[in-house]
Amino acid sequence: MASLTIRNLSSVPLELKHIQRFEGQAAPKPGGIANLTSTITGIFNATHTPTGGVTPRGDHPIEKRDVNGVTVQPFTTHSTDIRAADPTREVLRLTFQQPGTDHRYEVDAPGPSPRSLVLRHVSGGNAPHEFTAVYIPNGAHLAIYSSANLSRWMGELADGFPLSALSIPGTHNSPTCHVALPSVRCQAVGVREQLDNGVRFMDIRVSANPFGKGNDEDSELALVHSAFPISLTGVKRFSDLLKEVYAFLERNPSETVLMSIKREGTGKGTDGDLSRHLATDRYLGADGSGRRWFTEPRIPTLGEARGKIVLVRRFGLDDDLKRRLHGGQGWGIDGSSWPDNCEDKPTGSGLIRVQDFYEVDQSTNIEKKIQLARAQLERAGQTRFPASSTPNAKPPPLFVNFLSASNFFNANCWPEKIAAKVNPAVIEYLCIRHGEHGKGPNGLDVGDASTGIVVTDWVGNDGDWDLIRCIVGWNARLQLKK
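Start counting the sequence shown at 1000; every next residue gets the next number (this note's numbering).
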């Protein structure tokens, strides 16, 4: 068996103090209340676990010993001489201590389910930190993150960082969780549940009618995916989606949501019509509806954006609005010249850099998609950001990285099937290779190791938020900047 590698992706050093090795047995599959519990406290995302989880057989270890000299500093990797557990026959129990304190934490590798786990605080009293572990048996690799409160994770970060400095999880065709054609549905859960579990970038497609008919129904923007409605049980409205986002931000004012809006569907309206609809008080209002929207044509800091929706505009502007808004400079972060089906290109404004390769023609082509996603993560991670206190520093662009792809004519390439392959591969990359010098697809140097905006399909399926948690976890590195 391979030796265990430990990667500390948290904001504090951790010292391995003790190991115990147990004979293992297959863990029972949870159901009912047990299944609900596992979605909250389940253990280890094991990308290649063949049979699921493993639990110790009995309370008596077959090996136990103290460990000396294994202190893993924040955002470093330590290769040990400890033999990793046979993932189907053994459980390795590791006890870590936060140096300079009496606080100890315990975790099993592998564990009773293929999910991440909050480490057990075993030294009594209140734990000063909370940690989440992800174990990859295929590489005998344990990654430890600083746990985040996913509903309010931005509250841990300084106001001065531009949004492009953050590692931001997003969803593709965010509201497509309803009963729909399999090629149309991209999400397992609704918008509010996504937000409560850390998603902060929303990809919204709307169908627009010509502006100015004076009919309330004609002024409603319908949510669509390409030419199709997102639900077979009735039209879903953009205005109702906004109510959900507003309610989330009112409850969590430390957060912001970047919202990409694009015109699709069968409506007869133009981009200009869409912009005029959105500029009414029914939606954004020309001034961004005051406290609810940030619509300046630039990348804001987190402090400027807290409690607001940041407009990412994937549509052209009506000429009159273009002249009136923000002194003729524009409206929102301009993504109107969006590169189509691209591997890595900037938008026309230069404020966004996109990986959005989506045309997969066969299941084997999914590997190309995985490599392109990894390469965009590497490019985002190469960027260096000024400290949050640096005044008037020009922010780098938003790196937007779509993990989604599909082929309407191939059931093996519908969104759910692709996500089942791409999402675990990206989790593994984030745990093992992201932010390691020279270990990305193109061997680039590492800057501040942001992931950029990672836009996903089918997160939250059966309570699995591990990909979102791994993306959010990389923001701990910003907390180390002075």
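Where is the CB? At the ideal position from N, CA and C, for every residue including glycine. These numbers were taken from a predicted model, which means no experiment stands behind them.
- Counting only runs of 3 or more residues that sit fully inside the segment 1208–1242, the beta strand (DSSP E) segments are 1221–1224, in chain order.
- The segment 1241–1248 makes contact with the segment 1299–1312: 3 or more CB pairs, one atom from each, lie closer than 8 Å.
- The Cβ-Cβ distance between V1205 and G1264 falls below 8 Å.
- In the three-state scheme derived from DSSP, where H, G and I count as helix and E and B as strand, L1003 is classed as strand.
- Here I1203 is near S1259, since their CB atoms are less than 8 Å apart.
- In chain order, T1004, I1431 place their CB closer than 6 Å to the CB of H1140, counting only its own chain and leaving out the 5 sequence neighbours on each side.
- Distance between F1210 and V1106, taken at the CA atoms: about 59 Å.
- For H1077, the enclosing beta strand (DSSP E) has its first and last residue at 1075–1082.
- With a contact defined as Cβ atoms closer than 8 Å, R1103 and V1121 qualify at about 5 Å.
- The shortest C-alpha to C-alpha distance from T1170 to any of V1454, K1480, S1238 is the one to V1454.
- Judged by DSSP secondary structure, P1423 falls within the alpha helix (DSSP H) whose first and last residues are 1414–1431.
- D1355 counts as buried, since no fewer than 16 other beta carbons sit within 10 angstroms of its beta carbon.
- In this structure, the straight-line span from the alpha carbon of K1063 to that of Q1019 is close to 4 Å.
- Within 10 angstroms of the beta-carbon of N1007 lie 16 or more other beta-carbons, which makes it buried.
- Y1428 is positioned such that its CB atom lies closer than 8 Å to that of R1373.
- Annotation: the continuous beta strand (DSSP E) that includes D1065 extends over 1062–1065.
- Going by DSSP, L1371 is part of the alpha helix (DSSP H) stretching over 1365–1381.
- Judged by DSSP secondary structure, K1261 falls within the beta strand (DSSP E) whose first and last residues are 1256–1262.
- Closest option to D1101, judged by alpha-carbon separation, among C1185, P1127, P1345, R1056: P1127.
- Apart from the 5 residues on each side of it in sequence, M1000 sits with its Cβ closer than 8 Å to the Cβ of R1082, A1083, A1084, D1085, A1139 in its chain, given in chain order.
- Counting other Cβ atoms within 10 Å of its Cβ, E1358 stays below 16 and is therefore classed as exposed.
- Per DSSP, K1028 is not a residue of any alpha helix (DSSP H), being assigned neither H nor E.
- In this structure, G1380 sits away from G1329, with a CB-CB distance that is not shorter than 8 Å.
- Every beta strand (DSSP E) stretch that sits fully inside the segment 1131–1160 and reaches 3 residues is listed by chain position as 1140–1145.
- In this chain, S1405 is not harboured by any beta strand (DSSP E), its DSSP state being neither H nor E.
- The residue from G1334, F1314, P1385 with its alpha-carbon nearest to that of A1207 is F1314.
- Assignment of beta strand (DSSP E) within the segment 1303–1329, counting only whole runs of 3 or more residues, yields 1308–1313 in chain order.
- Rounded to the nearest angstrom, the gap between the Cα atoms of D1195 and L1240 is 14 Å.
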